[in-house]
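**Student:**
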Amino acid sequence: MVALTLRLGFAAALLWAQAGFAQTENRPAEVQIKAAFLYKFGDFVQWPPAAFARADAPFVIGVLAADDLAVALEQLVANRSVQGHPVAVRRVRRGEPLAGLHVLFIGQAESARLAETLAAARGQAVLTVTESENALAAGSMINFVAEDQRVRFDVALPSAERGQLKISSRLLAVARRVITS
Amino acid sequence: MGDVAISVQGRCALTHIFTLALACFSAGAAAQVQLAANLAELSLEELANLQVTSVSRRAERLADAAAALYVITGEDIRRSGVTSLPEALRLAPNLEVARIDSRQYAISARGFNNSIGNKLLVLIDGRTVYTPLFSGVFWDAQDTLLDDIDRIEVISGPGATLWGANAVNGVINVITRRASETRGTLAEAGAGNRERGISARHGVDLQGGGALRIYGKFFDRDNTVRANGSAVRDEWQNGQTGFRGDWGSAASGFTLQGDAYRGSIQQPVGNDVTLSGGNLLGRMTRSLAGEDRVQAQVYFDNTQRDIPGSFAERLNTFDAEAQHAFQAARDHFVTWGGGHRRAYDRVNNSAGLAFLPDRTTLHWTNVFAQDEVTLGERWRLTLGTKFESNVYTGTEALPSARIAWKPDPQQLVWAAASRAVRAPSRLDRDLFVPAQPPFLLAGGPDFRSEVAKVLELGYRAQPSTRFSYSVTGFYSQYDHLRTLERVGTTFVLGNKMEGRSKGIEAWGTFQAASHWRLSAGALLLDQDLRLKSDSTDTSGVAAAGNDPKHQFTLRSSLDLAGNQHFDVMARYVGALPNPAVPAYSAVDARYAWQLQRGLELSVTAQNLFDHAHPEFGAPATRSEIERGFFVRVKWSH
């Protein structure tokens, strides 16, 4: 009994020590908020029926060039669903086919080749989400921007429409900016 | 004053402390997983408003804040459908809010509620709005565009070490959104059986960086009625306009903002009461190395009030303050600063009552320092004091000691011991009734500060990602409370009441489903006040305040399909003893439907199941608060 208590106490202390380390990093928080957005977006976007092969087919979020975000997202979506579909996270490498994805997040590390990847997604029913400057002009549908220590996002409706995606007004209401033409 | 300190607390994202207790308590890999899970429960709006730094050390430190803190979010306010700042304060479970008539409210924390309540410090964007005339707040002169409020932080209990004298029983800190968060146009119009209002705001980016918004609003509130159905002459019209510009970021930047207002209110006899005023505030913040930062703020405030038959007042206030926070040593984070405020008060007296001298200059100077000591991984000790001088009693010491223990990432236990004072106001020293001798009532030349010594013990926990709660117990000892001492045929304001109060404040939030949130709050208060043996006061302890022993609130926020929202809030307020006001329950509800992007239609009902009820005052002179309906259209682009 005593040993068990000690062991639990030790585990808690260890976690606590890790906490101190984790908290000095700002990056994880931003990544977690972006991950939460990626999951949340799913409830406010309508995909064409053909995007899901079966009623119980997974809702797949692809993550390119952002491993830390993929980790945060995997933690976040465990046992969760989007519009009745279980959520799956898939790490995508550049050049891989995008078929089967519902959302594709492209990390900043990829910003130099953003246009290339976005071109590959163009016209497909994949919600493209980025975190790079001028990404909307390059064809991204949603782009995260840091503002006042908050994570906000801009939306480009024409790009979404090309992918046959309908974005709900509630999502647009939260957007920092919405580009309509 | 401690305005800077409040802003620092604000910046550091106390926001969502309860819905997001975990984000704040976050620790370690396991907690990161839970944090992630918790973030998934937030709405898009909440995510967008979440400060990224809230998980960093600075905010984590504030989540550890050893105080009874409740945050009303801007979303809460918008979803409640309220149309005024005092009504929004009903959302805080740790406040007593009683409506007196169309424009007056009695608002307090931890007792002593009164139409001239004086133990609460209220700030709007760092500007102190309590009046040195009676150390309370003229609620009819405090307004802003409610849509632009980011949050209202409500601390019950003393906050004097950071905020200064008057923060005896609580601090209310209204924080509006930065201009960069209110871009675009918003227009609203609403009408109901009790009031009508219109408001508009426009926000733009400025060339060369920065953002600016301007707003304007106007409302017209109907008169209230007596219990016998007769009308009270208290119709009220008010207009306000203002702006806010922000350059740089919240951490390192500059803010310039101001407001101007004008209103008129009927009174039972005589000409209408008129109000007007304006203010201008500038604030600069700079991030230094690490968590170190400096902040400086100046403001000017003018407020005028003419109550024909009673008095007219013009008050000009200048305030300047600065603060520096830095890591003094590995385990010591020090915040220190000071400020000076100067108020020029001019009263036009009537035959009935007078503030003498009619013109006076009041000033307050303060210095403060606080050290946050990290004791190992789980304990944090905060020691601090403020010294604040005022023209009446000289320098007052306002020390506090707070300790927080975090046994695990989901729990926080805290305790605090504080001394706070309510410094004399003009009412205590300078009021005379009538204006010429022989006086019936006279300010006390020796009136001294009222003193509170307060012990608090609090516990906050988030046992699951869906449920969080907070419980605070307090024990306060009061001395030198205001009395009316009989000296010959005159009543002179004195300090011969003492006593104690104890109580419990509890609240919690339960996310029943991703689209349904339930919140509840409870207040229990037990006061024991008495006159000292040498007191000649004949009115007894009733003048100190009139408080319910219990208050309960329950709120439900439901998101329905098709962009609809349905919110219900119920409250039960126990009976007030003297003058007696019966206990009452009230249910408010709001239904909102977003017709299309940027266009929302909402219907709000107040006192849904109750024709009318009184909330404060004696039967013969008090107003009944009637059932109200309000339909509003909001357009934003």
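Same order as they appear, the protein sequences are chains A and B. At position 28 of the first sequence the residue is numbered 28 (the numbering used here), and the sequence of numbers has no breaks. So the numbering used here is basically just the index in the second sequence, starting at one, shifted up by 181. Glycine included, each C-beta is placed from N, C-alpha and C at the ideal position. Predicted model, so just to flag it, every value in this text is computed and none were measured.
1) If distances are taken between C-alpha atoms only, which option among B:Gly338, B:Phe568, B:Gly459, B:Phe424 comes closest to His383 of chain B?
2) What residues of chain B sit near Glu147 of chain A, judged by a beta carbon separation below 7 angstroms?
3) Please check if any C-beta of chain B sits within less than 8 angstroms of the C-beta of Arg152 of chain A.
4) Would you say the beta carbon of Ala290 of chain B is closer than 7 angstroms to some non-hydrogen atom of the ligand SAM?
5) Just how far apart, CA to CA, sit Ala202 of chain B and Phe105 of chain A?
6) Following the continuous alpha helix (DSSP H) through Thr820 of chain B, name the residue where it begins and the one where it ends.
7) If you run the structure through DSSP and keep just helix, strand and coil, what is Val151 of chain A?
8) Helix, strand or coil for Thr117 of chain A per DSSP?
9) Output, in sequence order along the chain, the residues in the stretch 777-803 of chain B whose CB is closer than 8 angstroms to any CB in chain A.
10) Ends of the beta strand (DSSP E) at Lys460 of chain B?
11) Any C-beta of chain A within less than 7 angstroms: which residues of the stretch 721-745 of chain B qualify?
12) How should Thr498 of chain B be labelled, buried or exposed, when 16 other C-beta atoms within 10 angstroms of its C-beta is the threshold for buried?
13) With DSSP collapsed to three states, give me the class of Phe827 of chain B.
14) Kindly indicate the opening and closing residues of the beta strand (DSSP E) around Ile106 of chain A.
15) Please decide whether Glu226 of chain B counts as near chain A, where near means a Cβ-Cβ distance under 8 angstroms.
16) Enumerate in chain order the residues of its own chain whose CB-to-CB distance from Asp660 of chain B is below 7 angstroms, with the five nearest sequence positions on each side excluded.
17) May I have the straight-line CA-CA distance separating Arg443 of chain B from Arg260 of chain B, to the nearest angstrom?
18) Does the beta carbon of Ala221 of chain B sit closer than 8 angstroms to a beta carbon anywhere in chain A?
19) Give a yes or no on whether the C-beta atoms belonging to Ala35 of chain A and Ala88 of chain A are separated by under 8 angstroms.
20) Compute the beta-carbon to beta-carbon distance between Ile288 of chain B and Leu301 of chain B, rounded to the nearest angstrom, for a pair I have assumed lies under 8 angstroms.
21) Taking only the alpha-carbon atoms, compute the straight-line gap between Val355 of chain B and Phe315 of chain B and give it to the nearest angstrom.
22) Taking Cβ to Cβ, would you say Leu674 of chain B is nearer than 8 angstroms to Gly625 of chain B?
23) Would you identify the three-state DSSP class for Ser111 of chain A, choosing helix, strand or coil?
24) On the criterion of 16 or more Cβ atoms from any shown chain inside 10 Å, does Ile333 of chain B qualify as buried, or is it exposed?
25) Would you list, in sequence order, the uninterrupted beta strand (DSSP E) runs of no fewer than 3 residues that lie entirely inside the stretch 680-760 of chain B?
26) Kindly list the residues whose CB is nearer than 6 angstroms to the CB of Phe811 of chain B, restricted to its own chain and excluding five residues on each side of it in sequence; keep chain order.
27) Let me check one thing: in DSSP terms, what residues is Lys815 of chain B bridge-paired to?
28) What residues in its chain sit with their C-beta under 6 angstroms from that of Arg402 of chain B, if we drop five residues either side in the sequence?
29) Of all the options A:Arg80, A:Ile61, A:Trp47, A:Asn134, which has the alpha carbon lying nearest to the alpha carbon of Arg91 of chain A?
30) With the cut-off set at 8 angstroms, would you say Glu226 of chain B and Val174 of chain A are in Cβ contact?
31) Does any residue of chain B have a CB that is nearer than 8 angstroms to the CB of Phe170 of chain A?
32) Counting only the same chain and skipping the five closest in sequence on each side, list residues whose C-beta sits under 7 angstroms from that of Ala819 of chain B.
33) Considering only the alpha carbon of each residue, which of B:Thr342, B:Gln388, B:Ala360, B:Leu270 lies closest to Gly439 of chain B?
34) For Ser457 of chain B and Ala506 of chain B, what's the separation of their Cα atoms in angstroms?
**Tutor:** If we stick to the structure as given:
1) Walking along the second sequence from the start, residue 383 of chain B turns up at place 202. Cα-wise, what sits closest to His383 of chain B is B:Phe424.
2) The residue labelled residue 147 of chain A in the question sits at position 147 within the first sequence. In chain order: Ser361.
3) Translated into the one-based positions of the first sequence, residue 152 of chain A becomes position 152. Interface residue, yes.
4) Ligands are entirely absent from the displayed structure, and the ligand SAM is therefore not among its contents.
5) Within the second sequence, residue 202 of chain B is the residue found at index 21, counting from 1. Within the first sequence, residue 105 of chain A is the residue found at index 105, counting from 1. Because Ala202 of chain B sits at a pLDDT of 28, beneath the cut-off of 50, its placement in the model cannot be relied upon, and the following sentence gives the value as read from the coordinates. Using only the alpha carbons, I get a separation of about 28 angstroms.
6) Beyond the ends of chain B as shown, which are 182 and 818, falls residue 820 of chain B; an answer cannot be given.
7) What you label residue 151 of chain A is simply residue 151 of the first sequence in a count that begins at 1. DSSP places Val151 of chain A in strand when its eight states are reduced to three.
8) As a position in the first sequence, residue 117 of chain A is number 117, starting the count at 1. In this structure, Thr117 of chain A counts as helix in the three-state DSSP scheme.
9) Gln777, Arg778, Gly779
10) Your numbering for residue 460 of chain B matches position 279 in the second sequence. The identity of residue 460 of chain B in the sequence shown is Asn, whereas the question assumes Lys. First-last of the beta strand (DSSP E) with Asn460 of chain B: 454-468.
11) Asn744
12) Your numbering for residue 498 of chain B matches position 317 in the second sequence. Classification of Thr498 of chain B: buried, given that the 10 Å Cβ count is 16 or more.
13) Nothing about residue 827 of chain B can be reported from this structure: the residues present for chain B run from 182 to 818 only.
14) The sequence position of residue 106 of chain A within the first sequence is 106, counting from 1. Start and end: 103-106.
15) Against the second sequence, residue 226 of chain B aligns to sequence position 45. Closer than 8 angstroms to some Cβ of chain A, the Cβ of Glu226 of chain B qualifies, so yes.
16) Counted from its first residue, the second sequence places residue 660 of chain B at position 479. These residues qualify, in order along the chain: Val632, Glu679.
17) Along the second sequence, one-based indexing puts residue 443 of chain B at 262. Along the second sequence, one-based indexing puts residue 260 of chain B at 79. If I take the Cα positions, the gap works out to 27 angstroms.
18) Numbered from 1 along the second sequence, position 40 holds the residue referred to as residue 221 of chain B. Answer yes: the Cβ-Cβ gap between Ala221 of chain B and chain A drops below 8 angstroms somewhere.
19) To locate residue 35 of chain A, count along the first sequence from 1; it is residue 35. To locate residue 88 of chain A, count along the first sequence from 1; it is residue 88. No, Cβ-Cβ distance for Ala35 of chain A and Ala88 of chain A is not below 8 angstroms.
20) Here the question's residue 288 of chain B lines up with position 107 in the second sequence. Here the question's residue 301 of chain B lines up with position 120 in the second sequence. Correct: roughly 7 angstroms between the Cβ atoms.
21) Position 174 of the second sequence, counting from 1, holds the residue named residue 355 of chain B. Position 134 of the second sequence, counting from 1, holds the residue named residue 315 of chain B. Between Val355 of chain B and Phe315 of chain B, the C-alpha separation is close to 21 angstroms.
22) For the purposes of this step, residue 674 of chain B is identified with residue 493 of the second sequence, where counting begins at 1. For the purposes of this step, residue 625 of chain B is identified with residue 444 of the second sequence, where counting begins at 1. Yes, they are a contact pair.
23) Counted from its first residue, the first sequence places residue 111 of chain A at position 111. In this structure, Ser111 of chain A counts as helix in the three-state DSSP scheme.
24) On the second sequence, residue 333 of chain B is found 152 positions in, with the first residue counted as 1. Classification of Ile333 of chain B: buried, given that the 10 Å Cβ count is 16 or more.
25) 697-712, 731-741, 745-754
26) To locate residue 811 of chain B, count along the second sequence from 1; it is residue 630. Gly371, Gly373, Thr785.
27) Numbered from its first residue, the second sequence carries residue 815 of chain B at position 634. Looking at the DSSP assignment, Lys815 of chain B forms a beta bridge with B:Glu369, B:Glu781.
28) On the second sequence, position 221 is the one that residue 402 of chain B refers to. Contacts found: Ser283, Glu376, Trp417.
29) As a first step, residue 91 of chain A is located in the first sequence; it is residue number 91 there, counting from the start. Of A:Arg80, A:Ile61, A:Trp47, A:Asn134, the residue nearest in Cα terms is A:Ile61.
30) Translated into the one-based positions of the second sequence, residue 226 of chain B becomes position 45. Translated into the one-based positions of the first sequence, residue 174 of chain A becomes position 174. A contact, by the Cβ cut-off of 8 angstroms.
31) In the first sequence, residue 170 of chain A corresponds to position 170, counting from 1. The question names Phe, but residue 170 of chain A is Arg in the sequence shown. By this cut-off, Arg170 of chain A is an interface position.
32) Look at the range of chain B in this structure, 182 to 818, and you will see that residue 819 of chain B is not part of it.
33) The count along the second sequence starts at 1 and reaches residue 439 of chain B at position 258. Answer by Cα proximity: B:Ala360.
34) The residue given as residue 457 of chain B occupies position 276 in the second sequence. The residue given as residue 506 of chain B occupies position 325 in the second sequence. Their backbone Cα atoms lie some 37 angstroms apart in a straight line.
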